[in-house]
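Let me begin by presenting the structure, written as structure tokens, before commenting on it.
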Amino acid sequence: MQPEEQVDLDGFPESLERRLRNLPQLDAPDGLEARLLAAVPTNELIAIRNRMRASRVNRRLMFTWVAAFAAACLAMALLRPKIEDLVSMLSVTVRPGQSETDHKRLGERPDEDLQIVSRFQDPRLIMNVETQSFTWPIHQKSPLMVSSKIPDDLLD
Amino acid sequence: MSKIDDQRLIESLHEGRSEAFSEVVRSHYEVIFRFLVHLSRDIHRAEDLVQETFGTAWERITSFQGKSSMETWLHRIAYTKFIDGHRVMQRAAKLRESIPTSEMSAVDPFQLVLENDDARNLYRALDELSPANRTLLVLHYLQGLSYREIALVLNEPNGTIKWRMAEALKCLRTLVVREVSINATRRTS
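Order-wise, the sequence lines are chains A and B. To convert, take the position in the first sequence, counting from 1, and add 23; that gives this note's numbering. To convert, take the position in the second sequence, counting from 1, and add 409; that gives this note's numbering.
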């Protein structure tokens, strides 16, 4: 889209726009084209660059996978005891009458589970019987005092 | 260049074929050089900027989708290069202070090509314009870009470009009249 030609006010026969368009232009210096073309990389260079870029991408992808795998392993190692506890707890609560062999089959720790089962099977808890309230002070015998002195017959 | 040719060229460029880019360099380097000479008023700086422009164009060739013409795209890169360089020079000039702030070189690159007083006056008036106004007039009247293309190069709305163009022409007209009157006074004295 060209602007409208205006009547020239500065005393020249041609309008300012036309004079601007007809201004003589500078030629590009000799050798500029050759310099610019020399800076364009050859196809071989481009291929090498592309290969390098692709290998860089592959390497980055591989590192990402290795890092993700390592993070997953670490998370598993850290969370394993908790997961085991949770699994055993669930198995106990779902099937309270399980035998010890069942636990062994599942590869869980039966001792702990049996404790939990016994806690659940406490008749006071089941029958909802009120336990005796706790009172202070506790009447308890003081522990036996043992002499720390080394007997003379041991000191030869 | 037809649309099919353009499309084929873009495909070749995206494939990274150096012959295609050499073709782009051959067909556009003079236009870009002229644009940068007008902006910088320094042949050597313009040469450096042309090299930087085509270097950047090659690096970002995959981002060129053919929505604008190759010439517009190259003008945009060249303009950005000039602005970046101009900022660096201004900062350096501020630091040194002793160096004049004008970006023009001591030798006017257009002195040799100007045959008559009229053209000389016009160039002198263009020199006196602000860089923003000069860029607009150069892009439209000397580089032959349309308003829409200029809007893409300068990243401004079409309407703003039209309005600014009218203002720039008004300023240039005033400066040309002043140049003519100064020359007339010189001749009579």
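From the three backbone atoms N, C-alpha and C, an ideal C-beta is built for every residue, glycine too.
Residue i versus the options, residue with shortest Cα-Cα distance
| i | options | result |
| --- | --- | --- |
| residue 493 of chain B | B:583, B:461 and B:558 | B:461 |
| residue 525 of chain B | A:40, A:38 and A:45 | A:45 |
| residue 38 of chain A | B:593, B:594, B:579 and B:592 | B:579 |
| residue 481 of chain B | B:557, B:449, B:467 and B:432 | B:557 |
| residue 417 of chain B | B:560, B:474 and B:573 | B:474 |
| residue 564 of chain B | B:593, B:457 and B:541 | B:541 |
| residue 554 of chain B | B:527, B:452, B:478 and B:457 | B:478 |
| residue 543 of chain B | B:593, B:419 and B:449 | B:449 |
| residue 456 of chain B | A:57, A:80 and A:77 | A:57 |
| residue 529 of chain B | B:463, B:585, B:486 and B:594 | B:585 |
Residue-level contact to chain B via CB, residue i, 8 Å cutoff
| i | result |
| --- | --- |
| residue 73 of chain A | yes |
| residue 57 of chain A | no |
| residue 80 of chain A | no |
| residue 77 of chain A | no |
| residue 63 of chain A | yes |
8 Å Cβ cutoff met for residue i and residue j
| i | j | result |
| --- | --- | --- |
| residue 490 of chain B | residue 465 of chain B | yes |
| residue 434 of chain B | residue 552 of chain B | no |
| residue 488 of chain B | residue 547 of chain B | no |
| residue 467 of chain B | residue 442 of chain B | no |
| residue 559 of chain B | residue 545 of chain B | yes |
| residue 59 of chain A | residue 446 of chain B | no |
| residue 73 of chain A | residue 568 of chain B | no |
| residue 444 of chain B | residue 484 of chain B | yes |
| residue 55 of chain A | residue 438 of chain B | yes |
| residue 534 of chain B | residue 576 of chain B | no |
| residue 427 of chain B | residue 89 of chain A | no |
| residue 452 of chain B | residue 52 of chain A | yes |
Nearest-angstrom beta carbon gap, residue j and residue i [assumed within contact, 8 Å]
| i | j | result |
| --- | --- | --- |
| residue 42 of chain A | residue 531 of chain B | 6 Å |
CB contact check: residue i to chain A, cutoff 8 Å
| i | result |
| --- | --- |
| residue 488 of chain B | no |
| residue 582 of chain B | yes |
| residue 425 of chain B | yes |
| residue 491 of chain B | no |
| residue 528 of chain B | yes |
| residue 562 of chain B | no |
| residue 478 of chain B | no |
7 Å Cβ cut-off: residues of chain D touching residue i
| i | result |
| --- | --- |
| residue 546 of chain B | Structure shown: chain D not included; protein chains present are A and B. |
Residues within the region 434 to 460 of chain B neighbouring chain A, beta-carbon criterion of under 8 Å: Taking 8 Å as the upper bound on Cβ-Cβ separation, chain A lies near residues 434, 435, 438, 439, 442, 443, 446, 452, 456, 459 and 460 of the region 434 to 460 of chain B.
Near-chain A residues of the region 464 to 476 of chain B - C-beta to any C-beta below 8 Å: Per Cβ criterion, the list reads 464 and 467.
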